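Enquirer:
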Amino acid sequence: LREARLEGEAIVHSAQVRAEQELFLYRAKRRDEEKAFQEAIKGLEAQKEQLEETCMIYRNYIAEGCDLFDQMREYTMRFTPPVSSDSD
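With positions in the sequence shown counted from 1, the corresponding number in the numbering used here is that position plus 54.
(1) When the Cα atoms are used, what is the spatial distance from Arg59 to Glu76?
(2) Specify, as a first and last residue, the run of the alpha helix (DSSP H) that Leu55 falls within.
(3) To the nearest angstrom, how far is the alpha carbon of Glu93 from that of Arg85?
(4) Going straight from the alpha carbon of Glu118 to that of Lys96, what length do you get?
(5) For Leu98 and Tyr115, I'd like the C-alpha separation in whole angstroms.
(6) With H, G and I counted as helix, E and B as strand and the rest as coil, what does DSSP make of Val137?
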């Protein structure tokens, strides 16, 4: 009976040690994954900032292009006589 109890305690102890090891490995793996995700997030945030800057540059180009187009249209309107429809 004593041997069975000792063997049972050894089995329980072995299971506890295995469970602790698995928990330790799980936590280590989770920390590594979290670190990798944080690095990926930092990279994506940097890329987002760069894209926002590029987008702003293109929006400025578009605004400048629209202004230039309006100026050119006003300029040509000064020299182009209005078209009259005399087809009555």
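Note that CB positions come from ideal geometry on N, CA and C, so glycine has one too. As the structure is a computational prediction, the values presented were derived from the model and not from experiment.
Expert: Answer, in terms of the structure:
(1) Their backbone Cα atoms lie some 25 Å apart in a straight line.
(2) Under the DSSP assignment, Leu55 falls outside any alpha helix (DSSP H); it carries neither an H nor an E label.
(3) Put simply, the backbone Cα of Glu93 is about 12 Å away from that of Arg85.
(4) Taking the straight line from one Cα to the other gives about 33 Å.
(5) Each residue's Cα considered, the two are about 25 Å apart.
(6) Of the three classes helix, strand and coil, the one that applies to Val137 here is coil, per DSSP.
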